[in-house]
Amino acid sequence: LKTLDIEAIRREFPVLHQEINGKPLAYFDNAATTQKPNAVIKALSGYYEGYNANIHRGIHTLAEKATKAYEATRVSLQAFLNAKESEEIIFTKGTTESINLVAATYGRKNVKQGDEIIVSGLEHHSNIVPWQMLAEEKGATIKVIPVKENGELDYDQYFSLLNSKTKIVAVNHASNSLGTINPVKDIIKAAHDAGAIVLIDGAQASAHLAIDVQELDCDFYAISAHKFYGPTGTGALYGKRRLLEDMPPYQGGGEMIKDVSFEGTTYNDIPYKFEAGTPNIADVVAFKAAIEFVNSTGKPAMAKYEAELLKYATEAISSVKDIRLIGTSVNKVSVLSFVVEGIHHFDIGQMLDARGVAVRTGHHCTQPLMDRFGIEGTVRASFAVYNTKEEINRMVEGLERIVKFMK
Ligand code: PMP
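The working numbering puts the first residue of the sequence shown at 80, with every later residue one more than the last.
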């Protein structure tokens, strides 16, 4: 693995070079959204400055250029996820919309009264609520894989939940709140043996883990561009061709049709069947620059460096008085979640911000998981490739002072 030049990488991220409350910014909120490199920002303005036009229907030069750029991102994503065909990549607003799309189309068509949908106790609300809405509509039941004390899923329980009524299993590849990496390949295999299909929420995996949808054999895989150095407002759903073709459309409108008449409408082929209306062209175009950033930096090298940061931070933080780590699995992406006994997480977040250190506090859209640990929320520091040990030192020093001051 190549050694990364972190200072050179940092120079690619303009937002990092500023002071917050008179202190240099240490940005540790990467699980919420990562910062964007110059290449992404330039791709975005380059599109608007150079070839803004609506895609697919145009015959003029700009429309063709925009269409080419938009479709080039699809091909990039196909390679990024190792999908068999680029038509299996559907652009969405992000992970949330990707999951809602599957629940509203595949789910509505295939889930019946009495059926069961399995989610895990580690899920983000966006991988819970769409299934609850579906279950409510259909009279189906949600079953939950319990979370163990170390933040890993309880697989024995999972296997005992699977049965002939299980229609869908929806779990994340990595947890946004705790960082736990789930052995999704085994989860998928067991679900398939029971006759269920599997959706993997890859929002937190995309920046850190190798993703190979064919090797995983997952049926659906959902991602958001903004979680791996890309723009907000775009993401993708991977789906197996056979399933996508069999699914009804999500939204009706332009682009998703073949022929429209008042007697009836025929739908377009995949992926366009699921891309009604003018899409988020600019952000999709810039999404490609993010994929190229990750590819050229090298995901394995990034993951190795981030794992080093996580180990360093975990050890450093353990010396802080009354700290309790939430999620202690050794199998984690670079997320560090903790509480300090007797001090509210919001107060810690605010006092760290006063020192230029940006962390997230609260339930991280995983309230059932917080309930499981008997807490309202955590302080979460999540690391990206541009973070440094020096920044972590500042966070830990800050925490030590806060604890001393508050107690
Ligand atoms: N799932 C997980 C695990 C996430 O971390 C997030 C974002 N925090 C989402 C789903 C939702 O992603 P988005 O808000 O980009 O749609």
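Note that CB positions come from ideal geometry on N, CA and C, so glycine has one too. Everything numeric in this text was worked out from a predicted model, so none of it was measured.
CB-CB under 7 Å to residue i, same chain, minus the five flanking residues each way: which ones, in chain order?
| i | result |
| --- | --- |
| S303 | G173, T174, A282 and G314 |
| S408 | N229, G230, E231 and T259 |
| A151 | K367 |
| Q236 | I224 and P225 |
| G331 | A355 |
| K383 | L80 |
| E86 | none |
Roughly how many angstroms lie between the CA atoms of residue i and residue j, to the nearest whole one?
| i | j | result |
| --- | --- | --- |
| D348 | E324 | 8 Å |
| I267 | G101 | 49 Å |
| E143 | R153 | 16 Å |
| A433 | L104 | 10 Å |
| N466 | I427 | 20 Å |
| R320 | L160 | 14 Å |
| G218 | G186 | 12 Å |
| D265 | T376 | 29 Å |
| S398 | I422 | 16 Å |
| M335 | H442 | 37 Å |
| Y300 | K483 | 45 Å |
| G200 | P447 | 7 Å |
| I138 | V363 | 20 Å |
| L322 | Q192 | 21 Å |
| S340 | G333 | 13 Å |
| Q211 | I221 | 7 Å |
| L241 | A275 | 9 Å |
| V250 | F238 | 14 Å |
| T311 | A253 | 20 Å |
| D280 | P262 | 13 Å |
| I370 | N206 | 24 Å |
| G129 | K147 | 14 Å |
| L83 | T440 | 30 Å |
| S177 | E166 | 15 Å |
| H424 | I402 | 11 Å |
| D233 | E164 | 34 Å |
Out of the options, point me to the one whose CA is closest to residue i's CA.
| i | options | result |
| --- | --- | --- |
| K306 | I396, V464 and K337 | V464 |
| N459 | G258, D362, I197 and Y237 | The amino acid at residue 459 is misidentified as Asn; the sequence shows Arg. With distances taken between Cα atoms, R459 lies closest to G258. |
| F452 | A219, H423, H139 and E228 | E228 |
| G435 | I168, L478, E371 and E216 | L478 |
| L156 | M326, G309 and L80 | G309 |
| S487 | Y234, M449 and A386 | Not covered by the structure: residue 487. The range shown for the chain is 80 to 486. |
| R136 | A380, F425, Y351 and L404 | Y351 |
| I396 | A369, E476 and V373 | E476 |
| K400 | G406, Y384, K383 and V418 | V418 |
| S243 | G125, I224, D272 and T445 | D272 |
| M449 | M430, L404 and K147 | L404 |
| D108 | F484, V438, E455 and H442 | V438 |
| E354 | Y149, R480 and H96 | Y149 |
| T112 | N255, H139 and E176 | N255 |
| T457 | A365, I178, I138 and E420 | E420 |
| H203 | T445, L240, Y130 and F372 | T445 |
| A214 | A182, D84 and A158 | A182 |
| G406 | Q429, I454 and K188 | I454 |
Ordered along the chain, which non-local residues of its own chain (more than five positions away) have a Cβ less than 6 Å from that of residue i?
| i | result |
| --- | --- |
| G343 | none |
| F92 | Q114, P116 and Y465 |
| D42 | Outside the displayed span of the chain (80 to 486) sits residue 42, for which this structure offers no information. |
| V277 | V248, I267, A270, C297 and D298 |
| Y126 | A361 and V364 |
Within the 9 Å Cβ cut-off, does residue i reach chain C?
| i | result |
| --- | --- |
| K264 | This model lacks chain C altogether; it includes just one protein chain. |
Report all residues from its chain with a CB closer than 8 Å to the CB of residue i; omit the five preceding and five following residues, and keep chain order.
| i | result |
| --- | --- |
| N133 | A142, A145, T357 and I360 |
| A162 | L156, I168, V292, Q293 and Y317 |
| K81 | G377 and A380 |
| L180 | I169, T171, L316, Y329 and F353 |
| L123 | P310, A361, D362, V364 and A365 |
| V190 | I196, L213, A214, K217, A219, K246 and I247 |
Following a CB-centred definition, is residue i positioned closer than 8 Å to any heavy atom of ligand 3?
| i | result |
| --- | --- |
| R480 | Of the ligands one can find in the structure shown, namely ligand 1, none is ligand 3. |
Ligand 1 site residues, beta-carbon cut 5 Å against heavy atoms:
Residues flagged by the Cβ proximity filter: G173, T174, T175, H203, S205, N251, N255, D280, A282, Q283 and S303.
The stretch 398 to 417 / the stretch 284 to 303 touching (three or more Cβ pairs under 8 Å):
They touch, by the three-pair rule.
Using 8 Å as the cut-off, can you tell me whether the stretch 468 to 482 makes contact with the stretch 116 to 124, which would need three or more C-beta pairs spanning the two stretches below that distance?
No, the stretch 468 to 482 does not touch the stretch 116 to 124.
Is it a yes or a no for the stretch 381 to 395 touching the stretch 326 to 338, going by three-plus beta-carbon pairs under 8 Å?
no
Under 8 Å: do the stretch 161 to 172 and the stretch 194 to 205 share three or more Cβ pairs, one atom per stretch?
no
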